[in-house]
Amino acid sequence: MAVLIPALSSAVPRMTTAERHVAERLERKLDADYVVWYDVPVGPKRLHPDFVVLHPRRGLLILEVKDWRLETIQLATKLSWEIAPAGIPTTVVNPLEQARYHAHQVVAALTQDPQLVFESGKWQGMLTFPWSYGVVLTQITRQQFEAAELGAAIDAHRVVCSDEIAEATEPEALQSRLWGMFPLLMRGMLSLPQVDRIRWILFPEVRISNPARRQQQEQRHRQVPQTTLDAAINPHRPNDLPEVMTVMDVPQELLARSLSHGHVHHVVHGVAGSGKTMLLCRRAEQLAADVIDKPVLLLCISELLADKLAADMATKGLAGKVQVQHFHAWVRTQLATWGQPLPSANKKSPAKLRECMANRLIGAVGKKQVPSGQYMAVLIDEGHDFEPEWLTLATQMVDPETNCLLAMFDGAQSVHERARVQAFSFKRVGIQAQGHTTVLRVNYRNTRQILHAARQLAGDLLINADENGQNEDAIPLIAPLSCGRDGPEPIVIELPSVRCEAIKVCELLCAAHEEGHAWKEMAVLCGDEAKLDEAARVMAERMLPHQICRGSGTLDPDTDTAKVMTIDASKGLEFGVVALMRNGQCTNSSRDQELVYVATIRAITSLTLV
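Our numbering numbers the first residue of the sequence shown as 130 and each following residue consecutively.
Below, the structure is given as structure tokens:
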């Protein structure tokens, strides 16, 4: 079964009957290594061919779909056809010419990349893989096509007729008909890095700036034949094409494009490092691109992550359309905006004060003292750390006319006890995501060695992982799968005191800096505030550039300083080099296992536990 992007369920509202018919047949009758895009903007000119089909051994195929009946066609020539679908003659471009134009524009974009063309010989400058184009006529049989002599206007081998893409058509027969559209002399096979490059060039929406994913794809580049590597350093490579093109994987693209159509509740269960936050931000950007009367609200629990995402949205000019806040700051803002009294801070711990504020807002919304439906969409990161009543509150803030909600969860990183997570119900909190739940299993952030260490340190945390995640009303516990990127083994050092740990961490960070890591790529994660204070004190004594990150407004990712923070504060963030000060932290308690797991998976390349 092929991968259809976007998913059929989300694409149907904008499909014609003929397009849906073709999409269903391609999805069901092509093999799993085919990827099919429907009506996705392609290339620099943002063209919209009906279907783009890609296969690593077969190549690239552009298809146009027409639902014209034979009696509709009054005149057909090589350049134009005269049709009368409602009895009124209309002149249109020959559908094969339409497909050919789209294909040639695609080829023109791809041949700018030296890694996709022959360097020398008789095929110099031409693509190293097959490409072609064709037409699907969903209302004309092959017999009708031949009897009407339409082959004089459109090459017979470039047409799939209605009886050749029927429900009864054998998959092999359909695939044979599609690849019969290719010139016989075209040969070649696409490597995985080349497939990434094709997607990067044709579909700008899948491009990502992610150091972990870039390192993974650089490793893939190192595994391709030497002739391709030579092309990678070709001095004639256009300046605007990067040597390594970093893209979403196909499941991530499928999710991102499927979310962009239709306003529904959608839940994503993703393991750490699977790209949940990236997809959430892409969704926010998609929504903000529409003409909207109400803003988009993006909520998370981590103050530092909220600061980072807010800065990212501001950089993209979306601060007015996308409001990013950590949950408790948003609660306080809502109470103040709508004239609700704030609870007294007298003798209340910060946690108790936050709880009181949330309860007060929940009550005010219930009494209609604070309006619901304030936002065009609500996007929730770190949903596993929200109390159920907080999630209910968030769902009430969605405008019922748009009904657009997206929530990201990872049961392995929840601050709540596992028993509470297992008892959770999406229906009870007002999230109606049945049929709109996605599971992301692949971790792209960590090397294979770091992920293996994280799973070992997690102890029993992942022992009962749900391999299927099929219960759509619960938060499953998903074990992460490695993307296969390799790196150094994590270092474990036993030391007698917190100060000894802090001293050793400083030595390790200095060594990493000498190896070429920028200070801003490093983080020191601590189990509590006392360890944080000691780490910061020793770093100050040694005059190492560092930044203490305790809460909102304390994280500046652009300054070249090592970040010092608690494990809880680090949620949602990632760093190339991570040192975990764990003195007394690694016990058999489930909470400590969760904390250590959360800390270790922040590391992209290098991990040290002291």
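Ideal Cβ placement from N, Cα and C applies to all residues, glycine included.
{"Check": "How is the beta strand (DSSP E) around I191 delimited, first residue to last?", "Outcome": "188 to 195"}
{"Check": "Work out the CA separation of S543 and P224 for me, nearest whole Å.", "Outcome": "54 Å"}
{"Check": "Classify P354 as helix, strand or coil using the three-state DSSP reduction.", "Outcome": "Caution applies to P354, whose pLDDT of 41 falls short of 50 and renders its modelled position unreliable; the value that the coordinates give is listed next. Note: P354 maps to coil in three-state DSSP."}
{"Check": "Can you find the residues in the same chain that come closer than 8 Å, C-beta to C-beta, to L137, ignoring five residues on each side of it along the sequence?", "Outcome": "R149, A152, E153, E156"}
{"Check": "Mind reading off the beta-carbon distance from R731 to S699? Whole number of angstroms is fine, and I expect it under 8 Å.", "Outcome": "5 Å"}
{"Check": "Does the beta-carbon distance from I696 to G656 come in below 8 Å?", "Outcome": "yes"}
{"Check": "Identify every run of the alpha helix (DSSP H) within the stretch 145 to 182, keeping only runs that are complete inside it and at least 4 residues long; order them along the chain.", "Outcome": "146 to 158"}
{"Check": "Check whether the Cβ atoms of L426 and V507 sit closer than 8 Å, and answer yes or no.", "Outcome": "yes"}
{"Check": "What are the boundary residues of the alpha helix (DSSP H) that includes G588?", "Outcome": "No alpha helix (DSSP H) contains G588, which DSSP labels as neither H nor E."}
{"Check": "Starting from G254, follow its DSSP beta bridges and name the residues at the other end.", "Outcome": "DSSP output for G254 lists no bridge partner at all."}
{"Check": "Between the Cα of S501 and the Cα atoms of E516, P517, P529, which residue gives the shortest distance?", "Outcome": "P529"}
{"Check": "Closer than 8 Å is the cut-off here; do at least three beta carbon pairs connect the stretch 279 to 287 with the stretch 322 to 334?", "Outcome": "no"}
{"Check": "Flag this pair as yes or no: are the beta carbons of L736 and A582 separated by less than 8 Å?", "Outcome": "yes"}
{"Check": "Relative to the C-alpha of L738, which candidate in L637, L606, H395, I604 has its C-alpha closest?", "Outcome": "L637"}
{"Check": "Taking 8 Å as the limit between beta carbons, can you name the residues of its chain near A669, skipping five residues before and five after?", "Outcome": "H675"}
{"Check": "By how many angstroms is the C-alpha of A418 removed from the C-alpha of N406?", "Outcome": "The residue you asked about is not Asn; residue 406 is Thr in the sequence shown. Cα-Cα distance, rounded: 18 Å."}
{"Check": "Checking 8 Å against the spacing of the C-beta atoms, do V693 and V653 come in under that value?", "Outcome": "yes"}
{"Check": "Fully enclosed by the stretch 522 to 560, which beta strand (DSSP E) runs are 3 residues long or longer?", "Outcome": "533 to 538"}
{"Check": "A140 and V194 - do their beta-carbons sit closer together than 8 Å?", "Outcome": "no"}
{"Check": "Would you check if the distance between the CB atom of Q563 and the CB atom of E601 is smaller than 8 Å?", "Outcome": "yes"}
{"Check": "Under the three-state reduction of DSSP, which class applies to S611: helix, strand or coil?", "Outcome": "strand"}
{"Check": "Can you give the Cα-Cα distance for R711 and L416, rounded to whole angstroms?", "Outcome": "42 Å"}
{"Check": "Please state whether the Cβ-Cβ distance between L580 and Q722 is less than 8 Å.", "Outcome": "no"}
{"Check": "Would you kindly work out how many angstroms separate the C-alpha atoms of A487 and A161, rounded to a whole number?", "Outcome": "47 Å"}
{"Check": "Can you check which of these residues, L331, P479, V396, is closest to V376 by C-alpha distance?", "Outcome": "L331"}
{"Check": "Please say whether A594 and I607 have beta carbons closer to each other than 8 Å?", "Outcome": "yes"}
{"Check": "Could you tell me which whole alpha helix (DSSP H) segments of length 4 or greater appear in the stretch 437 to 477?", "Outcome": "456 to 466"}
{"Check": "Excluding the 5 residues flanking D359 on each side, which residues of the same chain have their C-beta closer than 8 Å to its C-beta?", "Outcome": "Legend: pLDDT at D359 = 33, less than 50; position of this residue unreliable, value from coordinates given subsequently. If we look at D359 and ignore the five residues flanking it on each side, its Cβ neighbours are E248."}
{"Check": "Thinking C-beta only, is L433 closer than 8 Å to L702?", "Outcome": "yes"}
{"Check": "Check whether the stretch 399 to 413 and the stretch 566 to 575 touch, using three or more Cβ-Cβ pairs below 8 Å as the test.", "Outcome": "yes"}
{"Check": "Looking at H184: is its Cβ nearer than 8 Å to the Cβ of Y163?", "Outcome": "yes"}
{"Check": "For C612 and E414, I'd like the C-alpha separation in whole angstroms.", "Outcome": "27 Å"}
{"Check": "Note down the Cα distance separating A439 from E511, rounded to an integer number of angstroms.", "Outcome": "16 Å"}
{"Check": "Name the residue from Y504, D436, W308 whose alpha carbon lies nearest to the alpha carbon of H392.", "Outcome": "Y504"}
{"Check": "Just reading off the beta strand (DSSP E) that E211 is part of, what are its end residues?", "Outcome": "209 to 212"}
{"Check": "Whole angstroms is fine: what's the gap from P472's alpha carbon to I560's?", "Outcome": "29 Å"}
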